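For the sequence shown, this note's numbering gives the first residue as 57, with consecutive numbering after it.
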Amino acid sequence: MALASLSLFSPPPPPPPPKTLTAIQNSGVIACLRAHDGKTAMDAASAALRGGISVLEIVMSTPGVLEVIKDLRKDHPSLTFGEILLELEGSEILYIPGVMTPTEVLLAYNAGAKIVKVYPVSLLGGEKYISALKKPFPHVPMVASQGVTTESIGRYIEAGASAVVLSDAIFDKGAMQQRSFDEIERLASCAVLQANQAIK
C-alpha cells in the first residue's frame, strides 16, 4: 500500500527540453552582465563571447540593454541570453524562477517550471545545499546563483547543478571600470574550461 501511494508522487516522464534549457545544460555557465552604459555592456559581452561563453544574462537595468541584445543577437544568432533567460519557441517561454527552499522548488515545478535558480546559493550552504536539494528533486534542473567562483564550478556541477551563474567572476568590477576586456575574455575562458571539464 505504501509503495502504491508513493508511485502517485513520481514525476511524469519529462517532455523534450526547450532549446534554451539544453543550451544551459550543455554550457554549465551563465555569464551575468551588469554595466553602467550600453557601450561597456556590448564590449564586455563580446569579450565574454570570445572567451567561449554561450549563455549570457544581461540585467535589464543596463542602459540601452534592448539595443545591446538586438546587436548581439544579430552578430551571434546562436547565443542564448535574456534577463531571466527566456526563449520564445512558438508560444513557449522558458522561465527560470528563483527559489530558496524545498517548498519553493516544489511550487515552481508544479507550476510548470522546467528549471529553477537557487538563490542566494552561497548563503544557503553552497554546493552542499544544492546536493541536499537534489535528493528530493533529482528530476528538477537547478542553476546555482550568487557568490559562485570559477574554482567552485566543478563542485556545484558535481553536486547536481545543471549550471552556475557567474557575475563578478567573469565581469570583474575592476576590469569593467578599466575597460580591460582582454581580462574579461581570459576570465570567461577559464570559466568555460572549468565547466567543460565538470560536465564531461
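C-beta: ideal position from N, C-alpha, C; glycine also.
Computed from a predicted structure; not experimentally measured.
According to DSSP, is P153 helix, strand or coil?
-> coil
On the three-state DSSP scale, how would you describe T136?
-> strand
Just curious, the beta strand (DSSP E) that M198 is in, first and last residue?
-> 198-201
Other residues of its chain near G107: CB distance less than 6 Å, five sequence neighbours each side excluded = E241, A244, S245
Exposure of L59, with buried meaning 16 or more beta-carbon neighbours within 10 Å = Because the pLDDT at L59 is just 40, under 50, the model does not fix this residue reliably, and the point stays unresolved.
From L180, A167, S110, pick the residue whose C-alpha is nearest to that of V196; which is it?
-> A167
Would you mind sorting V248 into buried or exposed? The rule is 16 or more other CB atoms within 10 Å of its CB.
-> buried
Do you know whose CA, among Y175, L135, M98, Q233, lies nearest N82's CA?
-> L135
In the structure shown, what three-state DSSP assignment does K173 receive?
-> strand
Counting only the same chain and skipping the five closest in sequence on each side, list residues whose C-beta sits under 7 Å from that of G210.
-> Q250, Q253, A254
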